[in-house]
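I have placed the structure first, in the form of structure tokens, so that the comments after it can refer back to it.
Chains as they are written, first to last, in the numbering used here: chain A, 1 to 247; chain B, 1 to 53.
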């Protein structure tokens, strides 16, 4: 595998891990209410739908065999749309303009919600949670799968799921200690880097736009990572700035 | 369906930011191709700064 392929596989792995952590938190809350057996059944049903989508989409992409430059441009644009959204969210959280995503609060809110619901509704909560988070993973696998190797992208997503489940079961507690915003921020930088590289490279010619080749990806990542932290620092909300001044 | 579309495209401001940045970077690529990538990155960072505020 080349450096770019390793980078792509790592991006899929980390981005998938973020989604799986969120899904696992919901399943955990449901499991404590309706039991592990039913909660895992709902989770497996959600994963089954996502796996079917991955299989069908993979076959579709293989059959298309369209011009690689246009495919890269399309994938790059999608990654820019996806990555910019995450990038802005993470910056706003760093700057104090949006509350940090709190897994403990999500866990408590989910349980409170479930206590008033029937067992069937709880099953749907777990199914929907896994399905929605899995859909985000599916979009990433589709986006990076063709250029990276569809099997590698899907395997990276599956590996991250196995790691999150293993880590979650080992901790046997809500995954509140995972620094989610940091992970999301770094993933957003990686996605934006690949999106920038492939979108304008596919539209205007990769060799002409990126004379340094794959090395450009590292420079892009560094540029987005530094710029985002500077933006977050410059746009700190008054309360966050005061807290920083007192600290 | 709405949730899925939001997952893929984000809101209108997000789509507009990416579209404008790409169009301007494409314009730059006709004059100086090697500067198009840097132009895209700078435009996206500016868009992120505008959205974050």
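Glycine included, each C-beta is placed from N, C-alpha and C at the ideal position. Remember, it's a predicted structure, so these values are computed and weren't measured experimentally.
Alpha carbon of residue i to alpha carbon of residue j, nearest angstrom
i, j, result
"residue 128(A)", "residue 32(B)", "48 Å"
"residue 168(A)", "residue 135(A)", "21 Å"
"residue 235(A)", "residue 55(A)", "43 Å"
"residue 96(A)", "residue 50(B)", "16 Å"
"residue 12(B)", "residue 53(B)", "16 Å"
"residue 195(A)", "residue 125(A)", "33 Å"
"residue 208(A)", "residue 34(B)", "6 Å"
"residue 221(A)", "residue 25(A)", "29 Å"
"residue 38(B)", "residue 27(A)", "43 Å"
"residue 43(B)", "residue 90(A)", "18 Å"
"residue 42(A)", "residue 24(B)", "46 Å"
"residue 204(A)", "residue 50(A)", "34 Å"
"residue 47(B)", "residue 226(A)", "15 Å"
"residue 246(A)", "residue 139(A)", "Because residue 246(A) sits at a pLDDT of 45, beneath the cut-off of 50, its placement in the model cannot be relied upon, and the following sentence gives the value as read from the coordinates. One C-alpha to the other measures close to 43 Å."
"residue 23(A)", "residue 30(B)", "45 Å"
"residue 36(A)", "residue 154(A)", "26 Å"
"residue 69(A)", "residue 38(A)", "46 Å"
"residue 40(B)", "residue 18(B)", "9 Å"
"residue 65(A)", "residue 223(A)", "With a pLDDT of only 46 at residue 65(A), under 50, the local geometry of the prediction cannot be trusted, and no value is derived from it."
"residue 75(A)", "residue 84(A)", "14 Å"
"residue 12(A)", "residue 158(A)", "10 Å"
"residue 254(A)", "residue 40(A)", "The question about residue 254(A) has no answer here: the residues shown for chain A are numbered 1 through 247."
"residue 16(A)", "residue 151(A)", "15 Å"
"residue 10(B)", "residue 166(A)", "32 Å"
"residue 3(A)", "residue 9(A)", "10 Å"
Test: residue i CB closer than 9 Å to a CB of chain A
i, result
"residue 15(B)", "yes"
"residue 31(B)", "no"
"residue 22(B)", "yes"
"residue 12(B)", "no"
Below-9 Å beta-carbon distance, residue i vs any chain B residue
i, result
"residue 278(A)", "With chain A represented from 1 up to 247, any question about residue 278(A) goes unanswered, as that position is not in the structure."
"residue 22(A)", "no"
"residue 74(A)", "no"
"residue 210(A)", "yes"
"residue 81(A)", "yes"
"residue 234(A)", "yes"
"residue 268(A)", "Any question about residue 268(A) goes unanswered here, given that chain A covers just 1 to 247."
"residue 205(A)", "yes"
"residue 18(A)", "no"
"residue 157(A)", "no"
"residue 163(A)", "no"
"residue 197(A)", "yes"
"residue 168(A)", "no"
"residue 185(A)", "no"
"residue 88(A)", "yes"
"residue 224(A)", "yes"
Buried versus exposed call for residue i [16 or more other C-beta atoms within 10 Å across all chains shown]
i, result
"residue 216(A)", "buried"
"residue 160(A)", "buried"
"residue 16(B)", "exposed"
"residue 28(B)", "buried"
"residue 148(A)", "buried"
"residue 213(A)", "exposed"
"residue 257(A)", "Lying before the first or after the last residue shown, residue 257(A) is absent from chain A, which here runs from 1 to 247."
"residue 52(A)", "exposed"
"residue 22(B)", "buried"
"residue 175(A)", "Low per-residue confidence applies at residue 175(A): pLDDT is 49, beneath 50, and the placement is therefore not dependable, though the value from the model is reported in the following sentence. Under this definition residue 175(A) is a buried residue."
"residue 88(A)", "buried"
Of the listed residues the options, nearest to residue i (C-alpha basis)
i, options, result
"residue 46(A)", "220(A), 132(A) and 185(A)", "132(A)"
"residue 94(A)", "185(A), 7(A) and 204(A)", "185(A)"
"residue 233(A)", "92(A), 36(A) and 75(A)", "92(A)"
"residue 26(B)", "214(A), 189(A) and 201(A)", "201(A)"
"residue 77(A)", "218(A), 199(A), 151(A) and 22(A)", "199(A)"
"residue 189(A)", "81(A), 28(A), 163(A) and 52(A)", "81(A)"
"residue 162(A)", "2(A), 30(A), 37(A) and 14(A)", "14(A)"
"residue 142(A)", "18(A), 211(A) and 79(A)", "79(A)"
"residue 123(A)", "72(A), 30(A), 210(A) and 164(A)", "30(A)"
"residue 44(A)", "3(A), 85(A) and 130(A)", "130(A)"
"residue 248(A)", "21(A), 137(A) and 170(A)", "Any property of residue 248(A) remains undetermined from this structure, which presents chain A solely from 1 to 247."
"residue 164(A)", "10(A), 21(A) and 74(A)", "21(A)"
"residue 18(A)", "206(A), 187(A), 193(A) and 229(A)", "187(A)"
"residue 206(A)", "72(A), 16(A), 10(A) and 8(A)", "72(A)"
"residue 228(A)", "182(A), 4(A) and 197(A)", "182(A)"
"residue 36(B)", "230(A), 210(A) and 219(A)", "210(A)"
"residue 45(B)", "48(A), 8(A), 9(A) and 86(A)", "86(A)"
"residue 218(A)", "231(A), 230(A) and 197(A)", "197(A)"
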